[in-house]
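Residue numbers (this note's numbering): 4 to 1211. Input: a single structure, listed below in structure tokens.
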């Protein structure tokens, strides 16, 4: 920047350059000033300026300036020590000192830590009830609390998430209390329901997230993306059936009849004992005694698969219930309080607002037990997922009323049968026996105490006759009951009109509740996102329908922004968008029974376009349902298109809801029980069965095998159950398991187990799994494994009273505890190397390395294909990779073939190569010094794309410049990066280097300013990897290419296509001197002068003994390549025989006499030594001679050698 005014100061060319960085973590904001060294230039010319340095923050005019602000020395601020302790660097905090919480950051932090919504709601068993009335009716939900002032209910039982463990969650559904839309389900943010953890710690974390996203920030829509409010799409209320009074029963399909049996009966059995409800009747009270010829219900017992057994019995005062959990936990109604839930194993106990006992099972089945004077009435609610397999007094639940009177053997009686026929041919057939009973009997009583096969009730064929002439009672009953036959019957049998009316009112209440539950609110739908433009009119049409026939629907705009209108006939919503604050849109559809539903867009995206701009509503705003593909519409169309809903959901891609696969057997593959979940379903089994490993089919549980002591003596397994029996002389106890002797033995019977008397004789018996010994009194464990009476597929391990099955190594025990399945080691722990293939085999597995690797399968090593020189051929470079390799044409070569052909090495054709060097104004990261770093690779990739695009986008080079290869990035000290490239250009390119340079120089490279460009011929010969010359060849660089020439001493052989050695010695003119010999070598030759000659063998070989070298007085010989003379003339000597015999005779005589005397002296000395040695040998002992001989013969010749040495 230049000083103000720039019009004056700008002409001098002195600028100040510095950097301001604003940094924020969302809570605090800082300003960082960086004054680059030598970046401040004003002082060089404008030394008198008084510059000010500081900042203004917020809307105030308060200036915050540093100490030297306004001082002339401030112009050299780049050399001053800043408040950071570093030269030229200042930092300032801009936000207030008070503590600031960034709720947006906290919300986003929570959001990005969450999984996809299906992770949480995958196993939610039911959508929300559509109205608050349905909530009160549906015992699968209970009161939870409120969200944004609105009442909410939650699913009674938590459901697992994909996280397992303590991450189970409840579905929360919220409903409006506004008069015009009372009880309507609220969906979406900020007041809709949610998902809530059962675990308190996790639940508190979500509460904080809701506060941060929905209360303290405007990101509530993000919260609901991870904790969706749910809809009521696919919701079906449970089917309700009931009985009351002198048993008047309404079947699951709606048939009403009266049955006055006395005893214990199968009321309802769903999915082959998955849910089992039994009831007990007693004679009705007349004047305080149970003597009526009619019966009432007085107790029930119920359970579902894997739950505790709940039993409730009318107390002795006939005004309350005695409750028993699993036969050993006693309770009364007084022990329960409203808004309290007692939780047991897969079953809850609660007290309703009207004082009824609520028994809710995790399957969604529930019972409501109401106490009336002297009797109880029961309503049973069952989810639609259990429809299709039911039996008992409540009939067959399949939507067909005509088969409701189906007996245990599958046969039926007519639906219009008489009361007499119903009693004998249907009702009494459903009386249970001791084995089937769920009841726990008081001490001293058994099943027999609660049944009377001889009891005969009065039937209601003639109501008037039942009053026995008591006309006053009849008229009173007629006045109170009207023509309600069950009410009149109860009054005649109990003589209590008030009690009869109470029973009638209870039944009417059940019916009214069912009617409300079966009434669904209208369905009103519209776009989930409104894309509106400020200043323009937005129009959309809503869709409205009602699922109940005959309902009248009224649609009104309960809340709309300024300028909006709604047509209640065409359901068209129109909005002249003129405000962008306090926007709320709620369209309410209400039926004639006051059931309401609300349409409110989940999101309103408002665009403010000025100066002819166009709003772009794209997928950037994530308008589609989560994980649904969003596609922007191609211009000139605007908007977007959403793909299909995820599997297990149905909808338009914008709004998706759960699809109930359990509603039809055609949409699930469960063998027995289907349980719907959000986005899918799971399979379950009826009581007495367990789910197979395939998660679909069911396997009978062999209770006798799993627990050999389950029965006292004999156990027999049946499909879905078992029964116990006793040996002769014993009978089954009331627990249906243990055995009691028919006749007790004396205490000294000696039996080790149990004893009975048969025909007056003691008979000992053993418990199950043991056998009576020959002594008749003791019992011994039965070794089923040794007797081969076991049912194990592989290995058997005997235990006391039973046995256990085991499997061989490589196999696992199936859930039946008997059979074995091969362990697929490849699908579990994967024992092979990560680069190996695992093949499962029976009881074992085989590992084999993948292609491109070598090893034994447990350890695999990459094969370096590039170690072979011919992997890619001569014209391509080989790059090894994990398990493979790839070939790239060398610079100056190009291939139009796919990579697979390059692997064959034959498709890279010679083209032209140029060396391109670009200097760009780009920052150099220190990490780029490592070519293997991500920073270096990313920068190379970015620059490669930019350079390639520059040539491809220019019509003059788009077809000629084929390959850009970046070889190196270099950091410049003064700033910037030098990019070294190789361009591969087709041979037909004729524009030269100027165009290649100009295209780069006139543009920017990936937003970087180009400082300089240089294009030269690429010298392939500088890098052995870039040329394909082989042995005996030399690389010769040419313009745009290179050639391979034979090296000196070689010549090209056309037939062999090789450079072969030249035999220079066979040339017509020898390369050696005429006085030398020629020897060929690889790539060359050697010359050696002949004997008697000396020289280099090529240019000279000179005669060593030249003529007259010995002066004509001797013979010349060559010794060590030098001449030597042997004089042949007497009296002539010297190196070249040039000295004559002119020495003095005295000298000659003296030399001769001295030589003779010296010779004689040596001979004398030798003779003396000989005689002395001889004398010593003659005086030596025989043992010495032996020793000397041994030494000699032993190969040790030291003495003898020493003697010879002296002789010499």
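C-beta: ideal position from N, C-alpha, C; glycine also. Please read these numbers as outputs of a predicted model, since none were measured by experiment.
- Close CB contacts of residue 134 within its chain, under the 6 angstroms cut and outside five residues either way in sequence, are with 186, 524 and 598 (chain order).
- In this structure, the CA atom of residue 377 is about 11 angstroms from the CA atom of residue 499.
- In this chain, residue 228 is not harboured by any beta strand (DSSP E); it is covered by the alpha helix (DSSP H) spanning 223-229.
- For residue 509, there is no enclosing beta strand (DSSP E); the residue is found in the alpha helix (DSSP H) stretching over 500-521.
- Residue nearest to residue 762 within the set 747, 751 and 774 is 747 (criterion: CA-CA distance).
- Contact check between the segment 1010-1029 and the segment 927-940: fewer than three CB pairs, one atom from each, fall below 8 angstroms, which does not count as touching.
- Spanning the alpha carbons of residue 120 and residue 127 requires a straight line of approximately 12 angstroms.
- Residue range 203-213 is occupied by the alpha helix (DSSP H) that includes residue 210.
- Cβ contact annotation for residue 393 (same chain, cutoff 7 angstroms, sequence separation greater than five): 255, 271, 272, 273, 399 and 400, in chain order.
- In this structure residue 453 is in contact with residue 283, their Cβ atoms being roughly 6 angstroms apart against a cut-off of 8 angstroms.
- DSSP places residue 563 in the coil class of the three-state scheme, outside both helix and strand.
- Our two residues, residue 1003 and residue 953, have alpha carbons roughly 7 angstroms apart in a direct line.
- Using a Cβ distance threshold of 7 angstroms, residue 387 and residue 253 do not count as a contacting pair.
- Counting only runs of at least 4 residues, the segment 1040-1089 fully encloses no alpha helix (DSSP H) element at all.
- In the structure shown, residue 852 falls within a strand segment according to DSSP collapsed to helix, strand and coil.
- Under DSSP, the beta-bridge partners assigned to residue 590 are 560 and 602.
- Within 10 angstroms of the beta-carbon of residue 949 lie 16 or more other beta-carbons, which makes it buried.
- Nearest Cα to residue 172 within the set 163, 180, 178 and 179: 163.
- Per DSSP, reduced to three states, the secondary structure at residue 432 is helical.
- Between residue 107 and residue 77, the C-beta gap is not smaller than 7 angstroms, which leaves the two residues out of contact.
- A Cβ-Cβ contact shorter than 7 angstroms links residue 633 with residue 643.
- Residue pairing by DSSP places residue 338 opposite no residue, since no beta bridge is assigned to it.
- In the DSSP secondary-structure assignment, residue 119 is not bridged to any residue.
- Looking at the DSSP output, residue 381 shares a beta bridge with 246 and 372.
- Close CB contacts of residue 554 within its chain, under the 7 angstroms cut and outside five residues either way in sequence, are with 594, 595 and 596 (chain order).
- Judged by DSSP secondary structure, residue 942 falls within the alpha helix (DSSP H) whose first and last residues are 937-955.
- In the three-state scheme derived from DSSP, where H, G and I count as helix and E and B as strand, residue 719 is classed as strand.
- Listed in chain order, the non-local C-beta contacts of residue 312 below 7 angstroms within the same chain comprise 304, 306, 329, 330 and 441, local neighbours out to five positions each way being set aside.
- Given a length threshold of 3 residues, each whole run of the beta strand (DSSP E) inside the segment 528-557 is given here in chain order: 532-536, 540-544 and 546-548.
- Around the Cβ of residue 191, a 10 Å sphere holds 16 or more other Cβ atoms; the residue is buried.
- The Cβ atoms of residue 336 and residue 323 lie closer than 7 angstroms to each other.
- Bridge partners of residue 625 according to DSSP: none are assigned.
- At a Cβ-Cβ threshold of 7 angstroms, residue 295 and residue 263 do not count as neighbours.
- Annotation: the continuous beta strand (DSSP E) that includes residue 346 extends over 344-347.
- In this model, residue 1074 and residue 1119 are separated by some 30 angstroms (Cα to Cα).
- In this structure residue 965 is buried. Its beta-carbon is surrounded by 16 or more other beta-carbon atoms within 10 angstroms.
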